Amino acid sequence: MSRDTAPILEIRGLKRHFAVSRGLFSSKTMLKAVDGVDFSVMPQESFAVVGESGCGKTTLARLLLALDRPTAGEVLFEGNNIFSLRRGALRRLRRDMQIIFQDPYSSLNPRMTVEELLMEPFVIHGIGAPAERRERVKRLMDACGLAQSKISSYPHEFSGGQRQRIGIARALALNPKLVIADEPVSALDVSIQAQILNLLKDLQNEMRLTYVFISHDFSTVRHLCQRIAVMYLGRVVEMGQTESLLGNPQHPYTEALLSAIPIPDPNIEKKRTRVILTGDVPSPLAPPSGCHFHPRCRYATEACKSRTPELSETQPGHWAACPVLPFAQKPSAAALIH
Amino acid sequence: MDPVLSVKDLRVGFRTERGFLRAVDGISYDLHAGQTLAIVGESGSGKSVHALSILRLLPEPPAEIVSGEITFAGRDLLKLSLSEMRKIRGNRIAMIFQEPMTSLNPVLTIGDQISEAVILHQKVSQAKAMAKAVDLLKKVGIPHPSERVKDYPHQFSGGMRQRAMIAMALSCDPDVLVADEPTTALDVTIQAQILELMRDIQKESKMGIVLITHNLGVVAEMADEVCVMYAGRQMEGAGVSELFKDPRHPYTRGLLNSVPSLYGRKDRLEAIAGQPPELVSEVPGCPFEPRCSKAMAHCKTERPTRFEPAAGHYSYCWMEDAKSQ
C-alpha cells in the first residue's frame, strides 16, 4: 500500500442521532449513536473499528453501506458521496460494497438452498446467463471451503462455521471492492473462528479486498487488520497502526480495554498488573459532559469534565483524543501486554 | 483433604427421534474447597448439560442420567429425592447462568428474587431477608443497594444483572458455585469486574467453583484445575499452568493454537480442520479422530483410556500409550 494512492473510503464528520422518547409526555432526547467520526481506509487495507456494546459501531457499519442516512457528514466511496447518489447509481455501487453479518443463523433465508442463496446476487444485478451463474456459484463454494456436494442443501443442514462460509461466499459473489464485516466470528467456536479468520485473510489476498472489520475483540482484529480505531459512546477516541495502538495505547480507555482482556497464559495472568474500570458504560442517552470517559478514567483532571478532547496526532499515524495520557508517565501501559 | 464435590463417570443423554444422544459420556473429577475447576469446551461438548445434571435441573425425560455418581457432602446427588435435592439446590450448591436477563424474573424486583431463596432455605422473616438482600447487593458492588433492591431487572445493566445473579447465588453461602459461562454475554471491561468479584468472594468464603467456559483467557485467569471436554468426553485435565505449558492431547493443542493472541507474532492461525461430530451416532473410538492430525489406526475403533503422563495430569489419547512403550 503506497502512501500516495487515494483512499477507497473516506468518512467525514459522520453523525447519526436518533430521537428517542422516554415516555408519552416527556420531550424527546437525542441518542447520539455516532457523533462526529472521521477516518479513511486505503485500498486493500484492513481497518478495524473496536468498541464495546453501545459504542455505535454497528450504526457506523450501517451508515458505511448507506443502509441508513446520517444526521450530518459524508461517506465517500472512491471519491463519491454515497448519500447523494441516485437510486440506480447506489444500486451499482452496492456491488462493490458488501457486508458479512455476525449471526450466520438469522442472516440466511432458511427456505433457500445454498445454490439459490449464492445465485441471488447474480439474479438481482442481472449478471451472467444461468449456466455461467451456476459455474460461478461452484467457484465461490470452492473458494470459501464449501463442498460442492452440498449445493442443494438448506442452511439448517450446516454447522455455524459452514453457515458463516455461505454468508462470506454471498458477500463475495459480485467481486466487491469493500467488505464490511460486522463481528463475523464472534458467534463461532474458537476452533472454527480460526478457520474463518484464515479464510478471510486468504480471500483478501486473492481478491484484493478492502475490509472494515467491526469487532469488540482486539485479539481477532490484531490478526487481520493493519489499523484500528477505538470507539467509545459514538466517538473515535484513538486510532493508529495495530502494533502501535496495542503496544503503546495513548488513550486511557484503550489502555483499560486491553488490560481487561484475559490472556490465555496463566504465567502472564499471574504477573501482569491490570486496570479494572469501575462502573458501567454510561447510557448513550445521557453521556457525561466533556470527555465521555472522564467518570471512569484514572487520569481525569478537572478540565476533562468540561472540555471535549479532539483527536490529535501523538506519534506519526497514531491519533488519540486525550490531552492527559500521552504526556503522563504511564506506569503499566507497556507491561499490559508483554 | 476430601473434595467438596466429586463426579465419577457421569453419563447423560437425551432420547431423540434420531436415536440416543450422548451429551455427556463419562466425566470424572474432584473439586476442592476454595478451588476453581474450569470445564473448557466448544458448543456441543456437553459442558452445560454436565452442569445442569449436577443440580438435577434437566427434565427427565427427555434427558436421562445413564450412570455415574455425583458425591456432595457424603451423599450421591443422583440418588436424592426431588425434595431433598431442593434443599441443596440454591442453598449448598448454587448456579449462575450465562444470560442474566433471561434467568431473572422480569416482573419481580431484584430484592424479591434474592430474598426468595433466603426465606426458603433459612426460614427468616421477609424483612430480615430483604435486609440480607441489601447486604448482598452491597457485597457484589451495586451502588445505593437499599434503593436498587426495589428495582426490576430491566432497570439494571447487563453487568449489574450478573452481579445480582451472583448475589442471589451467594445468598445462602453455598459450598459449591456452578458458573455456566458467567461472563460470555458481557463486555470485556465488565467481564474483568465480574471475574475479580468472583475471585474476591471465593477468597473469603472458600467455596469451590465449577467454571464452565469456552474462553481460554478466562481459564488462565481464574482456574486452578482445568478439564477439557469434546463431544461429551473428557479429553485432558491438569493444573492450569501444567495444561498451558505442556498440553498433551492433540485437541487441547489445537484449541490453544487456534486462539488469536494479543502478543507474539502468528501470521496464520492453526485452525483445527473439520467439524465436531454429531453425537447421535455411537463413537466407538476417540471422537476427535476424524479431525486429528496424529490419528492412528486404532483411534477409530478403540476408546482411549486414561493415561497419566505426570502427577495430576491425565489425557485420554492413545498417543500416550505409544509414548510409554
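Those protein sequences? They're chains A and B, same order as listed.
Under my numbering, think of the first position of the first sequence as 25, with each following residue one higher.
Under my numbering, think of the first position of the second sequence as 468, with each following residue one higher.
Virtual Cβ for every residue (Gly too), placed ideally from N, Cα, C.
Keep in mind it's a predicted model, so treat the numbers as computed, not measured.
Along the chain, where does the alpha helix (DSSP H) containing residue i start, and where does it finish?
i              : result
S215 (chain A) : 214–231
Q265 (chain A) : No alpha helix (DSSP H) contains Q265 (chain A), which is instead part of the beta strand (DSSP E) from 259–265.
K56 (chain A)  : Unbroken run through K56 (chain A) is the beta strand (DSSP E), 52–65; no alpha helix (DSSP H).
F248 (chain A) : Sequence inspection shows Leu at residue 248 (chain A); the Phe mentioned does not correspond to that position. That run of the alpha helix (DSSP H) goes 242–248.
E509 (chain B) : Per DSSP, E509 (chain B) belongs to no alpha helix (DSSP H) and is neither H nor E.
Q274 (chain A) : No alpha helix (DSSP H) contains Q274 (chain A), which DSSP labels as neither H nor E.
G535 (chain B) : Note, G535 (chain B): premise wrong, no alpha helix (DSSP H); beta strand (DSSP E) at 530–539.
L88 (chain A)  : 81–88
E139 (chain A) : 138–148
R296 (chain A) : No alpha helix (DSSP H) contains R296 (chain A), which DSSP labels as neither H nor E.
G97 (chain A)  : Segment 96–101 is the beta strand (DSSP E) holding G97 (chain A); no alpha helix (DSSP H) there.
E614 (chain B) : 612–615
K162 (chain A) : 154–167
Is the beta carbon of residue i less than 7 Å from the beta carbon of residue j?
i              : j              : result
P649 (chain B) : T244 (chain A) : no
V299 (chain A) : S283 (chain A) : yes
G704 (chain B) : Y781 (chain B) : yes
L736 (chain B) : A218 (chain A) : yes
G578 (chain B) : V616 (chain B) : yes
A518 (chain B) : I657 (chain B) : no
P94 (chain A)  : P134 (chain A) : no
E769 (chain B) : A762 (chain B) : no
L603 (chain B) : I586 (chain B) : no
R322 (chain A) : G303 (chain A) : no
L545 (chain B) : I537 (chain B) : yes
D206 (chain A) : F125 (chain A) : yes
G779 (chain B) : K767 (chain B) : no
L223 (chain A) : H316 (chain A) : no
A96 (chain A)  : F237 (chain A) : no
L683 (chain B) : P290 (chain A) : no
A193 (chain A) : L212 (chain A) : no
E181 (chain A) : V161 (chain A) : no
P286 (chain A) : E688 (chain B) : yes
Against residue i, what residues of chain A qualify as contacts under a CB-to-CB distance less than 7 Å, listed in chain order?
i              : result
R735 (chain B) : N222
E551 (chain B) : Correct list: empty, because the minimum Cβ distance to chain A is about 37 Å.
Q660 (chain B) : I300
What residues from chain B crowd round residue i, counting only those whose CB sits closer than 7 Å?
i              : result
G258 (chain A) : Near G258 (chain A) there are no residues of chain B at all, since even the closest Cβ is about 16 Å away, more than 7 Å.
R331 (chain A) : Correct list: empty, because the minimum Cβ distance to chain B is about 24 Å.
S77 (chain A)  : D654
Mind listing the chain B neighbours of residue i? Cutoff is C-beta to C-beta under 8 Å, in chain order.
i             : result
G37 (chain A) : Under the 8 Å cutoff, chain B gives no residues; its nearest Cβ is about 27 Å from G37 (chain A).
List the residues of chain B that residue i touches, going by C-beta distances under 9 Å, in chain order.
i              : result
Q217 (chain A) : S725, V726, P727, L736, A738
Taking residue i as the query, report the chain A residues whose CB atoms sit under 8 Å from its CB, ordered along the chain.
i              : result
S510 (chain B) : G184, D213
E663 (chain B) : I300
Q565 (chain B) : None at all; the shortest Cβ gap to chain A is about 14 Å.
Considering just the uninterrupted stretch of the beta strand (DSSP E) at residue i, what are its terminal residues?
i              : result
I661 (chain B) : Premise fails: I661 (chain B) lies in the alpha helix (DSSP H), 655–672, not in any beta strand (DSSP E).
H588 (chain B) : That residue, H588 (chain B), is in no beta strand (DSSP E); its alpha helix (DSSP H) goes 577–589.
M255 (chain A) : 251–256
V74 (chain A)  : 70–74
Y781 (chain B) : 780–782
Consider the Cβ of residue i: report whether some Cβ of chain E lies at a distance smaller than 7 Å.
i              : result
Q669 (chain B) : The structure shown contains no chain E; its protein chains are A and B.
Identify the contact partners of residue i in chain A, using a Cβ-Cβ distance below 9 Å as the criterion.
i              : result
L722 (chain B) : V214, S215
S760 (chain B) : Those do not exist, as S760 (chain B) stays about 13 Å from chain A at its closest Cβ, beyond 9 Å.
I657 (chain B) : E76, A284, L301, D304, V305
Q589 (chain B) : Simply none; closest approach about 31 Å.
Chain B contacts made by the stretch 263–292 of chain A, where a contact means CB separation under 8 Å: Taking 8 Å as the cut-off between beta carbons, the residues of the stretch 263–292 of chain A near chain B are L270, A280, L281, L282, S283, A284, I285, P286, I287, P288, D289, P290, N291, I292, in sequence order.
Against chain A: residues of the stretch 675–696 of chain B by CB proximity under 9 Å: Residues of the stretch 675–696 of chain B that bring their beta carbon within less than 9 Å of a beta carbon in chain A comprise H681, N682, L683, G684, V685, V686, A687, E688, M689, A690, in sequence order.
Segment contact flag, the stretch 53–66 of chain A with the stretch 33–42 of chain A, C-beta cutoff 8 Å, min 3 pairs: Yes, since at least three Cβ pairs between the stretch 53–66 of chain A and the stretch 33–42 of chain A fall closer than 8 Å, the two stretches touch.
Which of the residues in the stretch 641–654 of chain B, read from start to end, lie with their CB under 8 Å from any CB of chain A? Cβ proximity to chain A below 8 Å picks out D654 from the stretch 641–654 of chain B.
Name, going along the chain, the residues of the stretch 606–629 of chain B whose beta-carbon falls closer than 9 Å to a beta-carbon of chain A. Hits within the stretch, in order: G608, P610, S624, G625, G626, M627.
For the stretch 75–85 of chain A and the stretch 323–334 of chain A, state whether three or more C-beta atom pairs, one from each stretch, are separated by less than 8 Å. Fewer than three pairs of CB atoms, one per stretch, sit closer than 8 Å, so the stretch 75–85 of chain A makes no contact with the stretch 323–334 of chain A.
How do the stretch 239–253 of chain A and the stretch 709–721 of chain B stand: do at least 3 beta-carbon pairs fall below 8 Å, yes or no? With a cut-off of 8 Å, the stretch 709–721 of chain B and the stretch 239–253 of chain A do not count as touching, because too few Cβ pairs lie within range.
Between the stretch 267–275 of chain A and the stretch 87–102 of chain A, do three or more beta carbon pairs fall short of 8 Å? The stretch 267–275 of chain A, when compared against the stretch 87–102 of chain A, does not touch it at the 8 Å Cβ threshold.
Taking three-plus beta-carbon pairs below 8 Å as touching, is the stretch 126–146 of chain A in contact with the stretch 183–203 of chain A? Of all C-beta pairs linking the stretch 126–146 of chain A to the stretch 183–203 of chain A, three or more are shorter than 8 Å, placing the two stretches in contact.
At a CB distance below 7 Å, what residues from the stretch 83–116 of chain A approach chain B? Give them in sequence order. Those residues of the stretch 83–116 of chain A that come within reach of chain B (Cβ to Cβ, closer than 7 Å) do not exist; the list is empty.
Which residues, in order along the stretch 233–247 of chain A, keep a beta-carbon less than 9 Å from a beta-carbon of chain B? Look at the stretch 233–247 of chain A: the residues with a C-beta under 9 Å from a C-beta of chain B are H240, D241, F242, S243, T244, V245, R246, H247.
Using a Cβ cut-off of 8 Å, which residues of the stretch 513–533 of chain B contact any Cβ in chain A, in chain order? Listed in sequence order: no entries.
Within 8 Å, do at least three Cβ pairs link the stretch 470–487 of chain B to the stretch 188–203 of chain A? Verdict: no, contact absent.
Residues of the stretch 697–710 of chain B whose Cβ lies closer than 8 Å to any Cβ of chain A, in chain order: Taking 8 Å as the Cβ-Cβ cut-off, the stretch 697–710 of chain B approaches chain A at V707, S708, given in chain order.
Touch test, the stretch 485–502 of chain B against the stretch 693–702 of chain B, Cβ-Cβ under 8 Å, three pairs minimum: For the pair of segments examined, the stretch 485–502 of chain B was found to touch the stretch 693–702 of chain B: the number of CB pairs separated by less than 8 Å reaches three.
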